[in-house]
Structures are given as C-alpha cells and as structure tokens.
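Heads up: the sequence shown begins at 211 in my numbering, then just goes up one per residue.
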Amino acid sequence: MNIKDYIPRIVDKEINDLIATYGAVSIKGPKYCGKTWTSMRHASSIFALDDPDGNYRNLRVASMDPNAALEGGKPHLIDEWQLVPATWDAVRRRVDLNPGPGQYILSGSSVPAESGSEDPIERIRGGNLHSGFGRITTVRMRTMTLMESGLSDGRVRLGDLFDLNVPTSICETNSIDGIIDMVMCGGWPGNLRLDPDHRILAVSRYPDEICEKDLPRIDSTKSPYKMKMLLRSLSRNESTLAKYTTIAAGMKEYDDESMTDETVKNYISVLERMHLIENQPAFNPNLRSSVRVGKSPKRHLTDPALAIASMGLSKKMLLDDLELFGFMFEAMCERDLQVYANSMGGRLYHYRDGSGREIDAIVELPDGRWGAFEIKLGANQIDDAADDLLDVGRMIANDENGRPPEFMCVISGTGGATYRREDGVLVVPITSLGCRSGRTPLGGSIDGFCLSSRMMLHLL
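Given below as structure tokens:
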C-alpha cells in the first residue's frame with residue numbers, strides 16, 4: 211500500500227525478509243511507534259479492528275466470525291488483532307490449510323491476557339493462543355532511533371565497527387540543551403512535524419493516556435492511579451538493575467503508595483503486554499575464573515521520554531540534575547543500539563560482575579563476535595569511560611576461556627568527532643551512530659583507519 215510521506219524504518223528490511231519466509235508476520239510494539247503505517251507499507255489490503263466506521267462494524271463482525279477479518283489482497287493486514295484474539299488462530303489455521311509465505315500481517319499494541327477458564331472456547335477468546343510456530347513469526351518495533359528521525363547522520367555504522375573499518379570524521383558539537391531536547395522529544399513518528407516544545411508537550415500526555423484510557427481496556431482489575439505511581443518509580447530507576455523491592459520502596463518513599471513485590475510484578479507484566487518495558491539482559495562471557503557475573507537485567511521503559519514524562523520533569527530540572535539525566539541519555543543510546551543490533555541479527559546486553567566492573571552496553575552478533583560500549587553525556591567523561599572498558603577487556607582477555615571484544619567504544623553526547631584514541635578505544639558521538647538500513651539524511655562514509663584485531667594490543 212502507498213503511504214504518503216512514509217519515513218523508512220530500519221525494521222523494514224527485516225519485515226520484508228520475514229514476509230518472504232513465513233505465512234504470517236506479527237508486528238508488535240508500543241502505541242504510536244508507527245506499527246500501523248509500517249504494516250500498511252508492507253501490505254496490499256487492511257482490515258482494521260479499531261476502525262470506528264459503521265459503529266465499529268469490523269470489530270463486531272470479526273467478534274462473531276474471526277475468518278471475516280482474513281479476506282483481502284495478500285499480504286493482508288489485520289490491525290489491532292488483539293481486540294479479537296481468535297483472529298490469531300484463524301490466521302494460523304488459514305496458513306496451515308494454504309501453505310506459503312507472505313499471506314498475513316498482524317499488528318498489535320498489546321498482547322491479550324490469558325484466560326483462566328477451563329472452557330477451551332473461552333480460553334481461546336481470552337487470549338490462550340497457539341504459538342503459531344512455523345506459521346507466524348514476530349517482529350518487535352520500537353520508537354524511532356535518532357538516525358530514523360534525522361537527528362543522527364549515521365555515518366558511523368554499527369557494522370563498520372565490527373568490520374574494523376571506522377571513518378575519522380567531524381560533526382557538529384551538541385549542546386547539553388540540544389541533547390536534552392532529543393531525549394525529551396522521544397521517538398514517536400507522529401510527532402516529527404512538531405517543533406521540540408510541542409513534541410515534548412505531546413509526550414507529556416502519554417503516561418496519562420496509558421493509565422487512564424488504555425489500561426482499563428487491557429486489564430480493568432488494575433488501578434490507573436497505582437499504575438501511574440509504578441511508572442514513576444520505574445522511571446526513577448531507569449537504566450539501573452533495580453529489583454521489585456527497590457521499585458516498591460520508591461513508591462512508598464516518594465508517593466506514599468504501598469505495593470507488595472508480587473503486586474509490582476503483576477503490574478509490570480501488564481506494561482510488558484503493552485510493550486512498554488524492554489529490559490536489557492546481562493551478558494555472560496563464559497569465564498573460567500572465579501569472577502561472579504551478574505544476571506540481573508537493566509531496567510528500561512520503551513523510550514526514556516516516557517520516563518521523563520512520568521516524573522513530570524522539565525528541561526530546567528534535568529539541567530539541574532545531570533546525573534539523573536545521564537541515565538536518560540544512556541537509555542536513549544541503548545534504545546538506538548538495540549535497533550541497530552537487531553538490523554544485524556544481534557542482541558543488546560549489559561555487563562556487571564561481583565567486583566563492580568561493568569559495561570553499559572554490549573552488542574553480540576549471531577557469529578559470537580561482540581563489541582563493548584560505555585555511554586557518557588560529556589566529553590570530560592571519556593577518559594574514565596575508556597579506562598573502565600580497558601579494565602574489563604584485560605580481565606576477559608586474560609581468562610583462558612575469555613572472548614575478547616572486537617572493539618571498544620565510548621558513545622558521547624556532546625562530542626563533535628569520531629576518532630580512535632591511542633589506547634585503541636573508539637569515541638563516537640551518538641549523533642553520528644547508525645546502521646546500514648534506514649534513513650540517513652546526511653549519510654555517506656569516509657575511508658578511515660582500521661582497528662587492531664580484537665583490540666588485543668591494547669588489552670594485554
């Protein structure tokens with residue numbers, strides 16, 4: 211389908227490949243991240259279950275007969291399929307009967323809750339769905355990266371780092387004010403035409419929309435007020451390893467709201483169903499030494515702008531607390547790294563061991579190669595960040611079972627140049643980082659130097 215003014219997304223290539231491989235592709239992600247537009251871009255026809263036309267005729271018809279949602283040119287999009295969970299099994303069954311790739315796209319902003327009913331019909335209606343393995347595969351969409359929204363020139367591509375060929379380049383130096391705007395605006399494509407102040411205003415309403423309008427439809431047993439307080443506590447713990455106990459304690463300390471650890475877990479599970487939580491798992495380098503490697507995930511909301519909005523923070527408040535803002539900046543960089551890594555089939559991790567050594571972000575590719583990133587807001591923090599990377603790198607390299615990184619990189623907020631330090635650590639501004647797919651308005655590459663293989667000369 212032709213979508214006017216469609217902004218290409220990095221995930222487009224993955225969706226194309228999966229449509230050519232599977233009978234159906236499910237595209238999931240938080241509300242307003244662009245799922246419907248991207249799904250339509252890859253579809254030939256659409257059946258929207260949230261279309262209000264005819265007093266929600268589509269929804270009523272599909273509720274009576276899920277197969278009614280399946281008719282149309284292929285690939286056929288069923289938008290907001292979770293409103294009638296049985297459409298999932300209807301698609302799976304149709305693909306079983308008529309094998310072949312590229313038949314259906316399912317788009318949804320939440321996952322149906324499973325029913326506890328013993329009645330098999332009620333269990334299906336309530337969200338107890340067949341996995342669809344082999345017929346339906348799933349793609350995760352996220353809010354837009356800086357490269358997709360045109361705020362990064364993308365000249366330093368993640369793949370170039372792994373290929374050990376990174377260009378030396380100069381870019382415009384970013385001010386703290388400008389970086390705060392980038393984080394506060396968030397990556398919602400529907401807001402791109404607005405100026406920064408109005409983008410921030412739009413995002414500021416997002417937490418209330420989630421809690422007061424979406425939550426009652428998704429789980430009416432949960433309190434909108436308590437969910438707001440939980441979001442505030444999660445936001446205060448953005449980019450940390452906080453446990454449920456810490457999150458509950460924060461609600462009590464700051465908002466005088468009591469919640470047990472189990473209740474916190476249950477409320478967070480609803481946010482996960484809404485695709486508003488994306489935690490960063492711990493990396494295990496498989497060391498033979500006695501070093502105890504942490505297993506706790508790093509906590510993230512789907513976009514750090516949501517965390518800022520949930521706490522009601524202004525630009526001045528962030529300027530007055532740059533330590534707090536540093537966690538929000540780190541979250542934005544890790545969101546971008548996650549998208550860039552996924553475009554290469556990779557995954558994003560973090561590392562922390564019992565000795566207190568840590569790495570903010572690790573990208574691991576399917577072939578086992580990995581790269582390490584420290585994320586720092588100011589250029590004055592680069593030296594310490596590089597030392598931290600080298601310290602962990604030496605420890606891993608000296609272990610008989612260690613897998614040294616292909617490269618080490620400091621992502622900088624205010625820096626204005628990509629370069630290699632004498633110790634071999636790369637420095638890359640976040641506004642120059644990107645990947646090989648997607649929007650690169652200031653794109654292009656410059657022939658540069660090669661990094662030392664696996665950084666070994668600088669780790670030993």
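Heads up, the beta-carbon is just placed ideally off N, CA and C, and yes, glycines get one too.
Alpha carbon to alpha carbon, how far is residue j from residue i? Give it in angstroms, no decimals.
i: Pro426; j: Leu481; result: 12 Å
i: Trp398; j: Met351; result: 11 Å
i: Thr383; j: Ser520; result: 29 Å
i: Gly625; j: Gly364; result: 15 Å
i: Pro507; j: Tyr559; result: 8 Å
i: Lys438; j: Asp306; result: 43 Å
i: Pro576; j: Ala551; result: 10 Å
i: Ala272; j: Arg303; result: 16 Å
i: Glu584; j: Val301; result: 44 Å
i: Arg367; j: Leu643; result: 6 Å
i: Ile390; j: Glu533; result: 13 Å
i: Asp598; j: Ala258; result: 50 Å
i: Gly522; j: Arg415; result: 10 Å
Relative to the C-alpha of residue i, which residue among the options is closest?
i: Glu281; options: Gln292, Arg267 and Ser255; result: Ser255
i: Ile213; options: Ile420, Val573 and Thr246; result: Thr246
i: Pro515; options: Ser449, Val305 and Pro495; result: According to the sequence as given, residue 515 is Ala; it is not Pro. Among Ser449, Val305 and Pro495, the Cα nearest to that of Ala515 is on Ser449.
i: Asp465; options: Glu472, Asp633, Arg446 and Leu356; result: Arg446
i: Asp593; options: Ala571, Ile621, Leu575 and Val573; result: Ile621
i: Glu632; options: Gln292, Thr455, Met618 and Asp530; result: Met618
i: Glu610; options: Asn496, Val635, Ala517 and Leu636; result: Asn496
i: Leu547; options: Asp513, Arg562, Leu523 and Lys526; result: Asp513
i: Ala296; options: Ala279, Arg557 and Gly312; result: Ala279
i: Met354; options: Asp222, Ser317 and Val503; result: Asp222
i: Asp215; options: Arg567, Tyr232, Leu228 and Thr248; result: Thr248
i: Gln313; options: Val235, Leu259 and Ala596; result: Val235
i: Arg267; options: Val294, Leu599, Arg251 and Gly283; result: Val294
i: Arg345; options: Gly369, Val321 and Leu316; result: Leu316
i: Asp227; options: Cys243, Ser524, His252 and Ala596; result: His252
i: Leu451; options: Leu404, Asp405, Thr348 and Asp563; result: Asp563
i: Pro322; options: Gly264, Leu371, His485 and Pro218; result: His485
i: Lys525; options: Trp291, Asp407, Ser565 and Leu374; result: Asp407
i: Ala596; options: Arg567, Leu636 and Gly623; result: Leu636
i: Lys432; options: Met469, Ala589, Cys243 and Gly556; result: Met469
i: Asp530; options: Asp405, Asp387, Arg630 and Ser479; result: Asp387
i: Pro218; options: Gly233, Leu356 and Ala571; result: Leu356
Would you decide whether residue i is buried or exposed? Buried here means 16 or more other CB atoms lie within 10 Å of its CB.
i: Arg483; result: buried
i: Gly310; result: exposed
i: Ile200; result: It is not possible to answer for residue 200, since the shown part of the chain is limited to 211 through 670.
i: Ser385; result: exposed
i: Ser359; result: buried
i: Asp289; result: buried
i: Ala230; result: exposed
i: Glu175; result: Here the chain covers residues 211 to 670 and nothing more, so residue 175 does not appear.
i: Pro285; result: buried
i: Ser430; result: exposed
i: Gly239; result: buried
i: Ile225; result: buried
i: Lys436; result: buried
i: Thr628; result: buried
i: Glu488; result: buried
i: Glu463; result: exposed
i: Lys586; result: buried
i: Asn308; result: exposed
i: Lys475; result: exposed
i: Arg509; result: buried
i: Met527; result: exposed
i: Glu422; result: exposed
i: Gly264; result: exposed
For the ligand HEM, I want to know if residue i counts as a neighbour, meaning its beta carbon is within less than 7 Å of at least one of the ligand's heavy atoms.
i: Ile217; result: Ligands in the displayed structure: none, and consequently the ligand HEM is not present.
Based on DSSP bridge pairs, tell me the residues matched to residue i.
i: Leu636; result: Cys619 and Arg630
i: Tyr559; result: Ile572
i: Asp289; result: Ala258 and Ser317
i: Ile380; result: Ala627
i: Phe583; result: Ala571 and Cys619
i: Ala492; result: His560
i: Thr347; result: Val235
i: Leu511; result: Ile487
i: Arg367; result: Gly644
i: Val503; result: Asp563
Kindly list the residues whose CB is nearer than 6 Å to the CB of residue i, restricted to its own chain and excluding five residues on each side of it in sequence; keep chain order.
i: Pro417; result: Leu441, Ala519 and Ser520
i: Lys241; result: Ser319
i: Asn671; result: Examination of residue 671 is not possible in this model, given that the chain is present from 211 through 670 alone.
i: Met542; result: Val393 and Pro514
i: Gly673; result: Within the shown structure, residues of the chain are numbered from 211 to 670, placing residue 673 beyond reach of any answer.
i: Thr581; result: The residue asked about is misnamed: residue 581 is Gly in this sequence, not Thr. Answer for Gly581: Leu371, Val573, Pro615, Glu616 and Phe617, listed in chain order.
For residue i, which residues in the same chain have their Cβ closer than 8 Å to its Cβ, ignoring the five residues on either side in sequence?
i: Leu361; result: Met392 and Thr641
i: Thr455; result: Asp471
Excluding the five sequence neighbours on either side, which residues of its own chain have a C-beta within less than 7 Å of the C-beta of residue i, listed in chain order?
i: Ala494; result: A small fix is needed here, since residue 494 is Asn in this sequence, not Ala. So the list reads Val503, once near-sequence residues are dropped.
i: Gln490; result: Pro507, Lys508, His510, Glu544, Leu558, Tyr559 and His560
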